[in-house]
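*Asks:* Numbering (the working numbering), first residue to last: 1150 to 1428. Input: one structure, supplied below.
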């Protein structure tokens, strides 16, 4: 049995698709507040690999509950066409997004928050204060985006750990990678979802409790252990910042779909024979 598949049966309006960039969808419950559906717009891929070097991309997921359309992180600027494509496939445009939840203020997670004109951007209060104190040009910190977050009187909400950001979605302190990093715990879903951002970047970090690229190794270890404990208690899914969704199977992290990526070297000009795929 595939232990990564959601438990059944689902209600009629739910589906589970293993096509690229779609992992799990939660149903609505009659007579109760609708559950969130949760689908990836872009699935993450590890940024560092012993065999493939230092490249990767960050996770970007969409929650919907009928009233809200929520992005978990906003991705880097290179994601703009992918975001348009992913939203269009679901009959949405950037103007339909109601909320953007930001795990931390690195460029590859907050870079597109301005492309959603009607959205409220939720950002950690401590994280914003830390980012604002960094000198222009600080590695990974997009100072222009930080200034824009500070400038806006409307459309930006500052979040504290433990706060219920949206109904059934709580902010969870997850420091280490950055001082004010937040994870988001989505409780109102078929399977509870922990969107970990870069507090847990990939399956290796969840397995070993050792984080690559962190400002505080001890804090990262404590955070990973704490999130792993929550994952074990809820039997849900954890979405790393740079990997596909994970769950614990007999206590060990397991990917919920095969990890696959494709690299194209000027593929449109040179032809498909120049593509390189890895799994």
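For each residue, glycine too, the CB sits at the ideal point set by N, CA and C.
Under 6 Å Cβ to Cβ from residue 1350, same chain only, skipping five residues before and after it: list those, please.
*Replies:* Taken in chain order, the residues that qualify are 1389, 1390, 1391.
*Asks:* Return yes when the Cβ of residue 1393 is within less than 8 Å of the Cβ of residue 1343, no when it is not.
*Replies:* No, these two residues do not count as a Cβ contact at 8 Å.
*Asks:* Excluding five sequence neighbours on each side, which residues of the same chain lie with their C-beta closer than 8 Å to the C-beta of residue 1364?
*Replies:* Same-chain partners within the cutoff: 1325, 1326, 1327, 1328.
*Asks:* Classify residue 1261 as buried or exposed, calling it buried when 16 or more other Cβ atoms lie within 10 Å of its own Cβ.
*Replies:* Answer is buried; the Cβ neighbour count reaches 16.
*Asks:* Checking the sheet assignment: what are the DSSP bridge partners for residue 1272?
*Replies:* Per DSSP, 1307.
*Asks:* Measuring only the C-alpha atoms, how far is residue 1251 from residue 1399?
*Replies:* Distance between the alpha carbons of residue 1251 and residue 1399: 31 Å.
*Asks:* Once you ignore the five residues that flank residue 1307 on each side, which residues in its own chain have a CB closer than 7 Å to its CB?
*Replies:* Excluding residues within five positions, the ones whose Cβ falls inside 7 Å are 1272, 1274, 1277.
*Asks:* With DSSP as the reference, label residue 1229 as helix, strand or coil.
*Replies:* Looking at residue 1229 - three-state DSSP - the assignment turns out to be helix.
*Asks:* To test your reading of the DSSP string, which unbroken alpha helix (DSSP H) runs of 4 or more residues are found completely within the segment 1285 to 1347?
*Replies:* Within the segment 1285 to 1347, the complete alpha helix (DSSP H) runs of at least 4 residues are 1292 to 1300.
*Asks:* In the DSSP assignment, what are the bridge partners of residue 1219?
*Replies:* Answer by DSSP bridge pairing, in chain order: 1212, 1248.
*Asks:* Could you give the DSSP three-state label for residue 1401: helix, strand or coil?
*Replies:* Strand.
*Asks:* Thinking C-alpha only, which one of 1303, 1270, 1193 is nearest residue 1254?
*Replies:* That would be 1270, whose Cα lies nearest to the Cα of residue 1254.
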